[in-house]
Structures are given as C-alpha cells and as structure tokens.
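Once you know that position 215 of the sequence shown is 215 in the numbering used here, the rest is easy, because the numbers rise by one and skip nothing. In this text, a Cβ means the ideal position worked out from N, Cα and C, and glycines have one as well.
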Amino acid sequence: MKVAVLPGDGIGPEIVAVAAKVLARVAPSVELEFGDVGGAAFDKFGHPLPTTTLDLAKRADAVLFGAVGDWKYDALPRALRPEQALLGLRQALGLFANLRPAILYSELEAASSLRAEIVSGLDILIVRELTGDIYFGTPRGRRMAPDGPFAGAPEAFDTMRYSEPEIERIAHVAFRAAQKRRAKVTSVDKANVLESSQLWREVVSRIHAAYPDVTLEHMYVDNAAMQLVRAPKSFDVIVTGNLFGDILSDEAAMLTGSIGMLPSASLNAAGQGMFEPCHGSAPDLAGKDRANPLATILSAAMMLRYSLDDANAATRIESAVKEVLAQGLRTADIAHLGEVAVGTREMGDAVLRVLENEART
Ligand code: IPM
Ligand code: MG
C-alpha cells in the first residue's frame, strides 16, 4: 500500500509530520511518499498542484493531506491560489463523498461552546457532497449586469448546480452510513428557494425508498444551522451539498470543543481517499509548535479504516487519542483557562508512547 503525503502550508507540515509517524508506527508496511502542494508547491514550481503531485496522488491508495493557504497568496488569480490544489485533487480523484464526523470526547466537554447537558455524548456524521454545487458550477465569471436595477454595473456570478446521479450517489453513502449508526438521515437543502435544492430533495426521497430501515427527514439549511446549536444530539447523519456542508461542518466542529479535533475522509467510488483535518492552515500558528495534531492523527485512522482496510490499526489510533486526552494532555485550542498546554510534537509523542506501551503489554 502506498500513501501520498502532502503537508502543504502553514501548520500543515508540523501536523502531518506527527500523523505520518503515528501511521508508520501502526502500519509499518505502508509506504509513504511525500509531495508538494498548495502555496509551498507554488513557490517551488509556480503551480499549487504540480503534475508530479497529482500523479503521485493518483498512483497512491490514499492521500494524507495537511492544509493549504496563506495570506501571502491572496493577491494571486483564483486559478493559482493554494486552495485550488485541494479543489483540483477532489475533482481529479473524483472524491465526491466527504465524511466529517463530529464527536465530543467526554474529556473535552468543558471546551465545547455549548453547555454539557446539550452536547455531552455528541456523535454526528456530516456527509458533504464534495465535487459538485457552486464550487464547480459553470458558467462563472465577471461581466456587466445585463438587466435588473443594476444593469450595466460590474457583477460576478457562480452557478449552483447538481445532476441527479451526483445526488443519488451521495444519498446512498449517507443511507449506508446511517444503517451502521442510529439509522437517521437529515437531508439539508434550501428547497424553499433553490431549484437545485428541489431536485436534491426529490432525489434523496427517491433513494430513501431502498432504505426502509432508515428514517429520513428534510430540513432547510437555515433551520439546520439553528438546530445544530439548539439540539445537536437530535441529528445522526446529515447529508448535504458542497457549500452548505462546508459551513455546517465548521459549525458542528465547534460543538466538539475545537476544530483541531476533527478528521475527515473524502472518498471516490473506488474507495480511494484523501484524508485531512477539517481545519485549515492557520498561518498565524505556523512553525510555533502550537497546532493540535489530533485531527490529522484521527484522519490517518480514517485512512486505515476506509482506504487501507485495517480497521484494527484505526481503532488503535483512536483509542490512543482518547487515552492521551484522559491523561490530561491538551494543546492550546482545547486547554481550559489556566491549564498548561503542550505543543504539537509533545502531543504526538504522547500518542506514540501510548501505542508503544500497548504494543509491549
Ligand atoms: C474545507 C475548506 C475548503 C472548502 C477550502 C479551503 C477550499 O474550507 O475543506 O472545508 O471550502 O471545501
Ligand atoms: Mg471549510
């Protein structure tokens, strides 16, 4: 098995270095090959997703991805911005199914932005469609507004679009995931306004017929945003489009105390996947040994489970993460006021130590 390791920008290299060590510890036979991506690749090769990196990702069984982006690239045209590497990989590898679990570890209840009685035991899964919607819709561009009250004024436009097969396949992913969980799917859209959401609702309802053991509810995205902070435990699996999923997954992340805890998997039809933390590159923290590596470590666990077929190693990593939290280790993002925070490397070393001890006993 070969894993392409793409650290990227900002805190990416630090968190990926730690996660790669953990991966190598639990699955020593997996071959790791490093590549350049994002701003780091732009600086070297003039493109955020060089062909060599794309080829490496295509050849690999899975991709471990850090983060991309830095303010210093803000002035670049959209096609050369670091974020395009991420979108390019998602599209080129056909990674349409983005799984973003939001789990609140009991040790971190105090770090949640919600009261414990509302959020304790939270375990939800956001299934975000990742290769369609307004992110990849055409046409897009700039022009002079052709009509309306602002006719003649400069305007920019993007197109929100979904085809039936794109909705069908992500609906299947959500229903199958729900069958292994609490058997409930909430499909989130804006069908009271958007044509693409009306199609979304129709298709999800049609696919639901094949899963009579799963309950389906539909919810408008504004209401879903509200319910996530009002009664987050009323959800099990949330399935939604690319843009709404982007926003709701950040919201759900914060309920768990820190976005620094949340892993993600992006899968294609062949089971090949890219695994990355839900958080970004946090350039303000880069090089300071302050970032929380647990989201990336947990992403490596998801990789073992979904792409490398080693659920046992995945569970070992997840238990080791629980164990270091129980030992009281906290990076700055999850520390209470007054608690001493450990750095990125120290947190990683603690996870490695747990894995080593467990191997000895
Ligand atoms: C995410 C990120 C990306 C997205 C950005 C960096 C392009 O926010 O993975 O959630 O919007 O999909
Ligand atoms: Mg996002």
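Beta carbon of residue i nearer than 9 Å to that of residue j
i, j, result
"LEU54", "LEU32", "no"
"VAL221", "ILE259", "no"
"GLY273", "ALA62", "yes"
"VAL237", "LEU87", "no"
"ALA341", "ALA335", "yes"
"ALA51", "LEU95", "The amino acid occupying residue 51 in the given sequence is Thr; Ala does not appear at that position. No, the Cβ-Cβ distance between THR51 and LEU95 is not below 9 Å."
"SER187", "HIS218", "yes"
"LEU216", "SER205", "yes"
"LEU325", "LEU80", "no"
"GLU276", "PHE65", "yes"
"TYR306", "GLY271", "yes"
Residue i, DSSP secondary structure in three states
i, result
"LEU6", "strand"
"PRO232", "helix"
"LEU32", "strand"
"LYS288", "coil"
"ALA79", "helix"
"LYS184", "strand"
"LEU87", "helix"
"PHE244", "helix"
"MET1", "coil"
"GLY38", "coil"
"VAL237", "strand"
"ASP133", "helix"
"ASN98", "strand"
"GLY66", "strand"
"ASP189", "strand"
"ALA300", "helix"
"LEU267", "strand"
"ILE11", "coil"
"THR361", "coil"
"ARG142", "strand"
"VAL214", "coil"
"ASP123", "strand"
"PRO165", "helix"
Integer Cβ distance of residue i from residue j, believed to fall under 8 Å
i, j, result
"ALA291", "ILE103", "With 8 Å as the limit, ALA291 and ILE103 do not qualify as a contact, their Cβ atoms being about 20 Å apart."
"ARG161", "GLY137", "5 Å"
"LYS58", "LEU93", "7 Å"
"GLN179", "VAL214", "6 Å"
"ARG143", "GLU129", "Incorrect: roughly 28 Å between the Cβ atoms, too far for contact."
"PRO339", "ARG353", "Here residue 339 turns out to be Glu, not Pro, going by the sequence shown. At roughly 20 Å, the Cβ-Cβ gap does not stay under 8 Å, so GLU339 and ARG353 are not in contact."
"LEU122", "PRO232", "6 Å"
"ALA151", "SER266", "Going by Cβ atoms, the distance from ALA151 to SER266 rounds to 41 Å, so no, they are not a contact pair."
"VAL239", "ALA183", "Incorrect: roughly 14 Å between the Cβ atoms, too far for contact."
Proximity test, residue i beta-carbon vs the ligand MG heavy atom, cut-off 8 Å
i, result
"ASP246", "yes"
"ASP213", "no"
"ASP250", "yes"
Closer than 8 Å: residue i CB and nearest the ligand IPM heavy atom
i, result
"TYR135", "yes"
"LEU87", "yes"
"VAL127", "no"
"GLY287", "no"
"GLY348", "no"
"VAL16", "no"
"GLY8", "no"
"ASN242", "yes"
"VAL68", "yes"
"GLY12", "no"
"GLU195", "no"
"GLU164", "no"
"GLY280", "yes"
"GLU83", "yes"
Close beta carbons around residue i, own chain, < 6 Å, minus the five adjacent residues each side
i, result
"ILE167", "TRP200 and VAL203"
"GLN84", "PRO48"
"TYR135", "ASN242"
"TYR211", "PHE175"
"GLY285", "The sequence shown places Leu at residue 285, not Gly. Once the five neighbours on either side are set aside, the close Cβ partners of LEU285 are ILE11 and ALA291."
"TYR73", "GLY39, ARG81 and PRO82"
"MET303", "ALA62 and PHE275"
"PHE42", "PRO48"
"ALA314", "ALA301, LEU304 and ARG305"
Cut-off 7 Å between Cβ atoms - residues of its own chain near residue i, not counting five sequence neighbours on either side
i, result
"GLN198", "ALA191"
"SER112", "LEU104, VAL119, LEU255, THR256 and GLY257"
"ASP70", "ASP9, GLY10, GLY39, PRO82, SER281 and PRO283"
"ALA110", "HIS336"
"ARG345", "VAL18 and ASP289"
"LYS44", "ASP36"
"PRO13", "PRO7 and GLY66"
Cut-off 8 Å between Cβ atoms - residues of its own chain near residue i, not counting five sequence neighbours on either side
i, result
"VAL30", "MET1, LYS2, VAL3, LEU23, ALA24 and LEU308"
"CYS278", "ARG100, SER249, ASP250, ALA253, ILE259, LEU262, PRO263, SER264 and ALA295"
"LEU355", "VAL22, ARG25, VAL26, ARG316, ILE317 and ALA320"
"PRO139", "PHE157 and THR159"
is_contact[residue i, chain D] using C-beta, thresh 9 Å
i, result
"GLY245", "The structure shown has no chain D; it contains just one protein chain."
Closer than 8 Å: residue i CB and nearest the ligand MN heavy atom
i, result
"GLU276", "Among the ligands modelled here, namely the ligand IPM and the ligand MG, the ligand MN does not occur."
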